[in-house]
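Okay, so the sequence shown: first residue is 78 according to our numbering, each after it adds one. The beta-carbon is built from N, C-alpha and C at its ideal position, and this holds for glycine as well. For reference, the structure is listed below as structure tokens.
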Amino acid sequence: MESLSYLPFPSLTTPRLGLRPLTLADTDFVFQHFADPLVAKYLMDAPPLTDRAEAEAIIRFYLEPEAKNRNRWGIALGPAGPLIGTCGFHKWDQDHHHAEVGYDLSPEHWGQGYMAEALHAALDCGFARMNLHRVDAMVYVENERSVRLLQKLGFQIEGILRDYFCQDGFFYDHYVLALLK
Ligand SMILES: CC(C)(COP(=O)(O)OP(=O)(O)OC[C@H]1O[C@@H](n2cnc3c(N)ncnc32)[C@H](O)[C@@H]1OP(=O)(O)O)[C@@H](O)C(=O)NCCC(=O)NCCS
Numbered sequence: 078m079e080s081l082s083y084l085p086f087p088s089l090t091t092p093r094l095g096l097r098p099l100t101l102a103d104t105d106f107v108f109q110h111f112a113d114p115l116v117a118k119y120l121m122d123a124p125p126l127t128d129r130a131e132a133e134a135i136i137r138f139y140l141e142p143e144a145k146n147r148n149r150w151g152i153a154l155g156p157a158g159p160l161i162g163t164c165g166f167h168k169w170d171q172d173h174h175h176a177e178v179g180y181d182l183s184p185e186h187w188g189q190g191y192m193a194e195a196l197h198a199a200l201d202c203g204f205a206r207m208n209l210h211r212v213d214a215m216v217y218v219e220n221e222r223s224v225r226l227l228q229k230l231g232f233q234i235e236g237i238l239r240d241y242f243c244q245d246g247f248f249y250d251h252y253v254l255a256l257l258k
């Protein structure tokens, strides 16, 4: 299948959700979303946001024209409803056909199967349009909701990276999970 590496990631729809690339118009959502300690607790890249400019920097990072090894969809309730979370791929290695998935949902929407639904669509896009063979996920071992979600989607735990991430002076183990096409 022809690689779509130089085309934008498409918008996707599911029965209840719309996934569309984040834009700067989403800065207020991204700020309040990643300022929530419950959302940020198990995200490896950053502590909770404290400044709106940090949210804008996150969106610009995904908008960089050369940044075709990553993307981030905003997850909307309905085709054009309010955003309730984000998901996407990073570390896309086109030679070896793998990428890592990341995702986060606002806590008031947890427990309703929204992220499973969003990731179904994202993974279908990854396997069919990005020509991925393997999708990786790195998850704090304490993040039981996330591990359960991934296992429900067919991911398998392949091992533990001991003391992989250091936060506030403490080291945390991470599961490596993966799903093969
Ligand atoms: C990880 C995270 C996305 C999981 O969210 P979630 O809402 O628990 O995940 P799901 O969308 O799979 O919903 C699961 C629950 O919804 C329930 N549910 C309700 N209605 C449902 C429906 N129509 N379809 C499917 N599940 C439904 C299910 O019972 C399921 O619970 P179970 O797995 O105990 O059976 C969320 O906790 C989060 O955003 N955390 C903060 C950020 C984070 O940690 N990201 C991951 C970093 S690795």
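Please return the same chain residues whose Cβ sits closer than 6 Å to the Cβ of Asn-146, not counting the five positions on each side in sequence.
Answer for Asn-146: Trp-169, listed in chain order.
According to DSSP, is Met-215 part of a helix, a strand, or is it coil?
The DSSP-derived three-state label of Met-215 is strand.
Can Trp-150 be considered in contact with ligand 1, in the sense that its beta carbon sits closer than 8 Å to one or more heavy atoms?
Not under cutoff, so the answer is no.
Using CA atoms only, rank isn't needed, just tell me which of Lys-118, Ser-88, Thr-127 and Tyr-191 is closest to Arg-97.
Of Lys-118, Ser-88, Thr-127 and Tyr-191, the residue nearest in Cα terms is Ser-88.
Pair within 9 Å by beta-carbon distance, His-251 and Asp-181:
Contact flag unset, no.
I need the boundaries of the alpha helix (DSSP H) containing Lys-109, first residue and last residue.
Note on identity: in this sequence residue 109 is Gln, with Lys being the wrong assignment. 104–111 is the extent of the alpha helix (DSSP H) around Gln-109.
Who are the near neighbours of Leu-227 in its chain, counting only those whose CB is closer than 6 Å to its CB and skipping five residues on each side?
Cβ within range, chain order: Ala-214 and Leu-254.
With hydrogens ignored, establish whether the beta-carbon of Lys-168 is closer than 8 Å to any heavy atom of ligand 1.
No, the beta carbon of Lys-168 sits no closer than 8 Å to any heavy atom of ligand 1.
Would you please state the rounded distance, in angstroms, between the beta carbons of Tyr-191 and Ile-234? I believe it to be under 8 Å.
The C-beta distance from Tyr-191 to Ile-234 rounds to 23 Å, too long to fall under 8 Å, and the pair is not in contact.
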